[in-house]
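If you read the sequences in order, they're chains S and H.
Going by this note's numbering, the first sequence opens with residue 13, and the numbers climb by one from there.
Going by this note's numbering, the second sequence opens with residue 63, and the numbers climb by one from there.
Even for Gly, the Cβ is constructed at its ideal location relative to N, Cα and C.
Only one structure is covered here, and it is reproduced in the block below.
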Amino acid sequence: MADDGSASNRRDPIKSSVGHVAGQRRRQQAVTVAKERRELLVRAKRLCRVGTNGDVEDSLVENEMMIDEEQPILEAQASKSVEELKSAVQYQGKGAMQKRVTALRELRRLLSKSEFPPVEAALSAGAIPLLVQCLSFGSPDEQLLESAWCLTNIAAGKPEETKALLPALPLLIAHLGEKSSTPVAEQCAWAIGNVAGEGEDLRNVLLSQGALPPLARMIFPDKGSTVRTAAWALSNLIKGPESKAAAQLVKVDGILDAILRHLKKTDEETATEIAWIIVYLSALSDIATSMLLQGGILQLLIERLATSSSLQLLIPVLRSLGNFVAVDPKAVLTILIREQNTEESIIGVLAKCLRSEHRVLKKEAAWVLSNIAAGSIEHKRMIHSTEVMPLLLRLLSTSPFDIRKEVAYVLGNLCVESAAGDGKPGIIQEHLVSIVRGGCLPGFIELVRSPDIEAARLGLQFIELVLRGMPNGEGPKLVEGEDGIDAMERFQFHENEELRVMANSLVDKYFGEDYGIDE
Amino acid sequence: MFNYLFHSCQETKTNYFEFLLLCSSPEAMAMGMAVDTVGELGFPYWNPIRRRFSPDSPFFASGNVERELLAKQVALDLTEDEINHLQKFVETESRRISCPIVGCPVRLKSLDHFEDHYNARHTASCSVCSRVYPTSRLLSIHISEAHDSFFQAKVARGYDMYECLVEGCGLKFKSYKARHRHLIDKHKFPSTFEFFKKTQLSKKRREKLQRQHVPRLKHEDDKEAASSDAMEVEDKSSVDGLVSALSTLTTSDTTPSNVSFGRRHGRGLTFVPRSVHKEKRTESSSAPGPTN
């Protein structure tokens with residue numbers, strides 16, 4: 013930091029401010045970009061910095077992030093580079109191929125190392141038609157590779173920029189074939205992955221152009237970065253919300269075996285992408301769900317949950333488990349019975365997730381438990397007898413709101429028989445008593461006070477269980493002791509009619525005129 | 063919010079509305095089940111159901127954001143701190159909650175904000191009887207109707223004094239019951255709604271009131287007295303009621319407690335010295351009773 017005299021301050025404005033200002037702008041832009049990404053939710057695009065063939069030279073030579081002041085320069089360079097590519101493509105004479113590759117490489121460098129590549133400038137200068145031309149059949153591998161790389165990074169930006177790739181799609185898909193060299197196929201898969209990640213419309217275009225089968229076949233090999241990239245692209249392609257892509261994937265011969273094989277053995281990064289494929293299959297395809305269950309997927313998911321500590325992997329694995337449990341609790345029952353209270357039991361791994369520091373894992377693990385707890389009495393007993401109970405009770409008082417809500421579902425489900433017929437579902441008093449003694453009431457009353465309708469409803473329903481089901485009529489006293497009446501009286505002027513009626517009816521019934529009279 | 067309800071009902075054979083009906087259905091009755099019809103609708107009892115969410119459900123949003131933020135790390139080279147900050151920012155931005163109190167337009171950023179907002183704006187309490195109302199308008203309506211003898215005098219003379227509780231409606235009625243009917247018919251309030259609840263205050267509430275030194279002369283075991291706490295005036299359009307109401311108002315705090323009129327007959331009335339009453343009365347904004 014220059015603080016020796018104003019002259020030197022002025023002399024080095026760029027250097028001294030780079031750290032702070034650029035950092036701030038980077039953060040601001042990151043926030044804006046992150047916000048866009050969040051809104052679209054499906055945009056999981058990836059910029060390609062290092063070539064698939066391990067081309068690292070560029071990153072060694074120019075390693076620093078370009079600062080924002082240099083953006084206009086970058087854009088000018090991009091336009092110039094496209095111009096050069098144009099003339100290289102038109103040139104027919106000796107050394108034409110080398111010219112083209114050099115021009116492509118220059119453009120590719122500009123598009124890969126900056127934080128915000130000059131995509132718009134390149135597009136305005138007419139890059140796409142040239143890049144498409146460079147993808148033509150019979151072109152040398154290097155040319156194909158550089159061209160696909162440029163397209164990849166163009167597609168990693170804003171929606172309009174991704175859409176600009178439309179003319180290139182048929183060729184990119186064609187180069188996924190088994191005749192292509194591996195690096196080329198992988199780079200094309202990457203570009204396609206970015207396009208698929210943009211939105212449903214583009215996914216539909218890709219599907220109708222036949223992108224799915226060749227992409228699916230790319231995950232058959234046992235290992236390699238190609239498998240990982242292809243799996244990632246495939247997960248973007250089938251994510252829905254329509255189920256037709258998932259249905260198409262299931263029909264690819266041998267694909268489910270490959271998926272199970274990878275889930276069992278492959279490295280964590282690849283397994284992460286495979287797990288996302290499983291998330292979408294289990295959510296969108298019943299056929300896939302039952303076939304995967306038959307193939308023993310639950311055990312594999314549990315093993316991964318037990319052994320991994322990578323958040324990236326744990327999230328989709330946990331979610332897949334949740335999807336399976338939500339659909340088919342019978343499958344879960346057999347697993348539960350087989351292994352109880354071991355590290356590798358389903359309850360054990362869910363407990364591990366509850367103990368994690370990561371919010372998502374805690375929330376979704378509680379969700380899975382709530383679905384197990386919604387099952388038979390054996391399921392409930394199984395959860396109730398384990399180390400999970402003190403974890404849940406603690407989470408109910410201390411964790412963020414969305415986790416507390418899921419925990420509430422677990423605890424409530426444990427206390428109530430899953431209704432067979434009509435009328436009031438029966439209370440399992442043993443569970444209710446132990447959970448209430450465990451100190452859950454304040455947490456539920458807290459939910460009653462929340463502005464979230466679903467949470468308030470849960471809280472009121474649980475209070476009803478306590479009022480009705482606690483032995484010796486202790487319920488009302490307990491609820492009153494935790495300011496429950498106060499919380500319920502708030503609903504008199506609540507805009508939600510159902511909640512008003514629920515709260516009023518409880519207060520009328522259990523805290524009416526006769527209450528406290530004998531004290 | 064409805065998303066959640068809808069999703070949670072998806073998996074069950076009975077959806078939510080059917081369930082409500084079931085609770086008070088003839089079939090259920092016929093099966094000899096003790097179906098409590100608490101209030102008009104059957105209470106929606108806790109029923110364990112499996113909940114399934116589609117991949118693009120908001121339920122999975124935070125997990126998806128995590129994936130994208132972690133992927134974006136490659137592109138933007140964010141530090142771990144920046145990622146945490148981003149995630150929190152991104153989540154709270156989209157999670158503003160509307161205040162659920164009728165007529166309140168405020169949108170809040172977080173639950174803590176909601177608690178603060180609620181305590182600041184929706185807990186207007188009556189200094190006479192400690193009932194709490196969510197707006198100052200409702201509080202002042204309560205005070206007029208429950209603690210103001212002149213209000214009752216005008217009612218007795220036939221003026222339309224009972225205002226509709228819904229802001230902006232403007233209608234007024236001659237009796238509490240008429241207004242009550244209007245709220246149900248016109249504004250769809252539930253028939254169990256009671257602006258002036260006649261039920262006994264809970265023991266805890268009573269203890270709270272005692273501690274707050276609200277002028278009070280009877281033993282807490284006295285049921286009748288308790289239900290007409292501190293100069294409360296119930297809906298009585300008869301002259302009788304007016305007289306007794308007036309008498310409780312004008313005499314209760316100025317005469318020694320062992321002299322009681324009409325309705326007050328409890329045992330062991332606590333004697334509170336007059337000087338204390340005078341002090342308290344200056345705090346009470348609603349009691350127009352005679353001085354000294």
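- The Cβ of S:I359 sits no closer than 9 Å to any Cβ of chain H.
- According to the DSSP assignment, H:Y221 belongs to no alpha helix (DSSP H), since it is labelled neither H nor E.
- Per DSSP, the continuous alpha helix (DSSP H) segment holding S:K417 begins and ends at 413-427.
- Rounded to whole angstroms, S:I447 and S:Q306 show a C-alpha spacing of 36 Å.
- Separation of the CB atoms of H:I163 and H:P196 is rounded to 5 Å, and the pair is thereby assigned contact status at 8 Å.
- In the DSSP assignment, H:F235 is bridged to H:Y224.
- Exclusion of the five residues before and after S:Q89 leaves L122 as the residues of its chain whose Cβ lies within less than 7 Å of its Cβ.
- Between H:S124 and S:I327, the alpha-carbon positions lie close to 10 Å from each other.
- Where S:I290 is concerned, the enclosing alpha helix (DSSP H) starts and stops at 280-296.
- Straight across, the Cα-Cα distance linking S:E501 with H:R158 is about 24 Å.
- Under DSSP, the beta-bridge partners assigned to H:S187 are H:V194.
- Of the residues assessed, S:Y522 falls on the buried side of the cut-off, its CB having 16 or more other CB atoms within 10 angstroms.
- For S:Q155, the enclosing alpha helix (DSSP H) starts and ends at 153-166.
- Among the residues facing chain H, S:K276 is not included, as its CB has no counterpart in that chain under 9 Å away.
- Within its own chain, the residues whose Cβ lies closer than 8 Å to the Cβ of S:G481, once the five positions on either side in sequence are excluded, are C427, I439, Q441, L444, G487, listed in chain order.
- Contacts with chain H at 9 Å (Cβ-Cβ) include S:S430.
- Judged by DSSP in its simplified three-state form, S:H187 adopts coil rather than helix or strand.
- Residue-level contact check: S:A223 does not touch chain H, since none of the beta carbons of chain H fall below 9 Å from its beta carbon.
- Restricted to the segment 447-503 of chain S, the alpha helix (DSSP H) segments that are unbroken, complete and at least 4 residues in length are 453-461, 465-481, 487-493, 496-501, listed in chain order.
- Within chain S, no C-beta atom comes less than 8 Å from the C-beta of H:Y224; the nearest is roughly 17 Å away.
- Among the residues facing chain S, H:C188 is not included, as its CB has no counterpart in that chain under 9 Å away.
- Under the 9 Å criterion on CB atoms, S:L477 is classed as interfacial with respect to chain H.
- Here the alpha carbon of S:L490 sits roughly 8 Å from the alpha carbon of S:V478.
- By the criterion of a C-beta distance shorter than 6 Å, S:G205 is surrounded in its chain by W244, A245, N248, once the five residues flanking it on both sides are discounted.
- When DSSP states are grouped into helix, strand and coil, S:I231 belongs to the coil group.
- Listed along chain S are E476, M514, S517, each with a C-beta nearer than 7 Å to that of H:F105.
- Setting aside the 5 residues that flank it on each side, S:L214 is surrounded in the same chain by V207, each with a C-beta closer than 6 Å to its C-beta; the list follows chain order.
- Annotation for S:P328: the continuous alpha helix (DSSP H) segment containing it runs 323-339.
- Contacts with chain S (Cβ-Cβ distance below 7 Å) from the segment 218-246 of chain H involve no residue at all.
- Considered as a whole, the segment 199-228 of chain S harbours 212-220 as its complete alpha helix (DSSP H) runs of no fewer than 4 residues, in chain order.
- Residue contact with chain S for H:R113: present (Cβ-Cβ distance below 9 Å to some residue of chain S).
- Under DSSP, H:R169 takes part in a beta bridge, and its partners are H:S160.
- DSSP places S:I358 in the uninterrupted alpha helix (DSSP H) bounded by 358-367.
- Using a Cβ distance threshold of 9 Å, S:I140 and S:P84 do not count as a contacting pair.
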